[in-house]
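So the structure is just underneath, and the comments pick up after that.
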Amino acid sequence: MFSIFADKRSRQSPALKWVALWRYILGPCAFTWKAACRFLFRGPNAQSLDCEVQNQQHQQQSKTGRAEHPRQLTYVPIPGPWRREEKPNWPESAFCVPADVPDDTIYYITKGRWIGEGDTAHIELLPSGHVVKYPKSNPYCRKEEEENRNRVRLEAEVYKRLKHSPYIPRFIDWEPGSCCLTLEHLENGSLEAYARKHVEVTADDRVLNHVPMEVRTRWAVQAAKAIADVHAVQVVHCDVTPRNFLLSAELDLRVSDFAGCSISGSSPLIAPGARYQPPGWNWKLKALEEHDLFALGSVLYFIMVGIELYADLEEDEAEDLFRGGEFPPVDHLPCAGVIQGCWNMTYSSAHQVVHALNGLGWEAYSKQCSLRPCDS
1 MFSIFADKRS RQSPALKWVA LWRYILGPCA FTWKAACRFL FRGPNAQSLD CEVQNQQHQQ
61 QSKTGRAEHP RQLTYVPIPG PWRREEKPNW PESAFCVPAD VPDDTIYYIT KGRWIGEGDT
121 AHIELLPSGH VVKYPKSNPY CRKEEEENRN RVRLEAEVYK RLKHSPYIPR FIDWEPGSCC
181 LTLEHLENGS LEAYARKHVE VTADDRVLNH VPMEVRTRWA VQAAKAIADV HAVQVVHCDV
241 TPRNFLLSAE LDLRVSDFAG CSISGSSPLI APGARYQPPG WNWKLKALEE HDLFALGSVL
301 YFIMVGIELY ADLEEDEAED LFRGGEFPPV DHLPCAGVIQ GCWNMTYSSA HQVVHALNGL
361 GWEAYSKQCS LRPCDS
């Protein structure tokens with residue numbers, strides 16, 4: 001029989017006997033006690049503490065005994081019922097989650113064809129032709145999983161507020177139970193991806209933008225109108241970048257992805273990166289419309305030129321230049337004054353940017369570029 005008093009020193013000291021006894025009795029309760037304290041006295045690290053608790057619980061069910069949260073989760077799709085209808089001859093095993101699942105792998109049942117994903121959600125093309133966005137699961141940390149769900153809920157609320165705007169993807173449906181957001185599918189993908197296919201960088205580092213100038217001018221106005229509509233419903237986008245503007249079959253621009261936005265003054269959950277943030281920006285700052293307008297200036301630059309500003313520099317180098325008030329030259333661009341106004345934060349609203357863009361004489365520049373790609 002195992003004895004907690006096997007050591008000679010324990011027999012010589014009754015006090016040590018009681019200490020050892022209490023440790024033996026209370027030791028198994030330590031985990032529960034720590035979890036209770038974390039729940040009652042939550043601090044800035046509450047999320048990581050919750051995840052630690054759940055990781056230890058997960059270890060009890062893990063076949064490999066791995067305790068820590070995997071540094072990187074791998075999501076593996078399993079075809080859903082929609083695929084079974086297309087492939088009736090596929091074996092049943094193709095539609096089932098394997099019996100043995102590695103600790104860093106999460107299998108999920110798809111709702112449509114993969115067209116993209118974010119940090120917190122899957123994005124798929126439904127058989128109906130619409131796009132569905134739904135949160136990623138995370139059995140290692142239910143806290144993170146619930147935050148993923150909350151981000152899709154937040155995005156759904158924004159789309160509901162903006163359902164009459166022509167400058168966002170059309171809102172189709174929202175299923176609150178499963179947190180599935182269904183939207184219009186925009187066939188030409190993101191502005192960023194489209195530009196990669198239609199912009200050429202020559203051997204001598206000249207940038208040739210093959211997108212017609214009349215299309216680019218339309219995009220510039222549509223981008224500004226989109227941000228104006230977003231701000232009109234008390235939302236700050238907080239991630240105004242070319243990757244979050246989508247293009248329809250007719251090459252009309254729509255702003256998308258509100259998963260990290262600030263709504264009615266809430267704290268932002270995302271940042272766009274140094275090229276789209278005003279000098280001095282940090283996470284302690286309240287989300288302001290002016291921050292979106294600064295980013296809009298960088299998006300207008302991207303639309304006109306075809307690549308990001310300071311594309312040949314690292315992000316921290318671009319940030320240092322911004323901090324010193326150094327921006328790339330734009331005098332050769334048709335909306336130079338508007339871009340500079342956004343970067344200098346001289347506009348107080350997106351409507352002012354729209355008005356400034358509409359007041360430009362685009363025609364002369366469009367004729368200049370009509371017979372050849374514009375050298376930016």
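Residue 119 in the UniProt record's numbering sits at position 119 of the sequence shown, with consecutive numbering throughout. Every residue gets a Cβ at the ideal spot worked out from N, C-alpha and C, and that includes glycine. A quick note: this is a predicted structure, and the numbers were derived from the prediction, not measured.
Going by DSSP in three states, residue i sits in which element: helix, strand or coil?
i	result
Cys180	strand
Asp103	coil
Lys171	Going by the sequence as given, residue 171 is Phe instead of Lys. Strand at Phe171.
Glu187	coil
residue 386	Residue coverage of the chain in this structure runs from 1 to 376, which leaves residue 386 outside it and unanswerable.
Lys284	coil
Ile227	helix
Tyr194	helix
Tyr108	strand
Tyr310	coil
Val330	coil
Tyr347	coil
Pro81	helix
Glu301	The sequence shown places Tyr at residue 301, not Glu. Tyr301: helix per DSSP, three-state reduction.
Tyr75	strand
Asp292	helix
Tyr140	coil
Val152	helix
Gln277	coil
Ile339	helix
Ser165	coil
Lys160	helix
Ala94	helix
Ala271	coil
Val240	coil
Phe322	helix
Asn89	coil
Arg11	Confidence at Arg11 is low in this model, with a pLDDT of 42, below 50, so its placement is unreliable and no value can be given for it.
Leu357	helix
Provide the residue(s) that pair with residue i in DSSP beta bridges, ordered along the chain.
i	result
Gly116	Ile123
Glu200	Leu208
Cys134	Reading off the sequence, residue 134 comes out as Tyr, not Cys. Tyr134 pairs with His122.
residue 378	Because the chain in this structure spans residues 1 to 376, residue 378 falls outside the shown range and cannot be described.
Val235	Ile263
Which residues in the same chain as residue i place their Cβ atom closer than 8 Å to its Cβ, once the five residues preceding and following it in sequence are excluded?
i	result
Thr110	Pro77, Ile78, Pro79, Gly80, Trp82, Arg83, His122, Glu124
Glu145	Pro135, Lys136, Ser137, Asn138, Pro139
Gly116	Ile123
Phe294	Tyr276, Gln277, Pro278, Cys342, Trp343, Met345
Ile172	His130, Thr182, Leu183, Glu184
residue 378	Residue 378 lies beyond the stretch modelled for the chain, which goes from 1 to 376, so this question has no answer here.
Tyr108	Tyr75, Val76, Pro77, Ile78, His122, Lys136, Ser137
Ala318	Ala274, Arg275, Leu309, Tyr310
His351	Ala228
Glu315	Gly273, Ala274, Arg275
Leaving out five residues before and five after residue i in sequence, what residues of the same chain have Cβ atoms less than 6 Å from its Cβ?
i	result
Cys180	Val132, Tyr134
Arg372	With a pLDDT of 42 at Arg372, under the threshold of 50, the predicted position of this residue should be treated as unreliable, though the coordinate-derived value follows. Counting only Cβ-Cβ distances below 6 Å, and skipping sequence neighbours, we find nothing.
Val230	His237
Arg161	Val233
Val211	His198
Contact defined as beta carbons within less than 8 Å: I believe residue i pairs with residue j. What is the distance between those atoms, to the nearest angstrom?
i	j	result
Leu251	Asn188	6 Å
Ala228	Val354	6 Å
Pro176	Arg254	So it is not a contact: roughly 24 Å between Cβ atoms.
Ala220	Phe245	In fact, because the Cβ distance is near 11 Å, the residues do not count as touching under 8 Å.
Leu269	Arg151	7 Å
Leu247	Leu296	Going by Cβ atoms, the distance from Leu247 to Leu296 rounds to 17 Å, so no, they are not a contact pair.
Pro272	Glu192	Actually they do not touch by this definition, with Cβ atoms about 12 Å apart.
Trp174	Ala156	5 Å
Ala226	Tyr167	4 Å
His291	Trp281	7 Å
Note down, in chain order, each residue of its chain lying with its Cβ closer than 7 Å to the Cβ of residue i, except the 5 sequence neighbours on either side.
i	result
Ile307	Val199, Val207
residue 377	With the chain running from 1 to 376 in the structure shown, residue 377 is simply not present.
Arg113	Glu124, Leu125
Leu321	Tyr310
residue 388	No information on residue 388 is available, as it lies outside the stretch 1 to 376 that the chain covers here.
Thr202	Leu208
Ala249	Glu187, Asn188
Using 7 Å as the limit for Cβ to Cβ distance, is residue i near chain B?
i	result
Glu308	In summary, chain B is missing from the structure at hand, where a single protein chain is found.
For the 8 Å Cβ check, are there 3 or more pairs between the region 229-241 and the region 257-273? yes
Check whether the region 332-352 touches the region 299-306, taking contact to mean three or more Cβ pairs, one atom from each stretch, closer than 8 Å. yes
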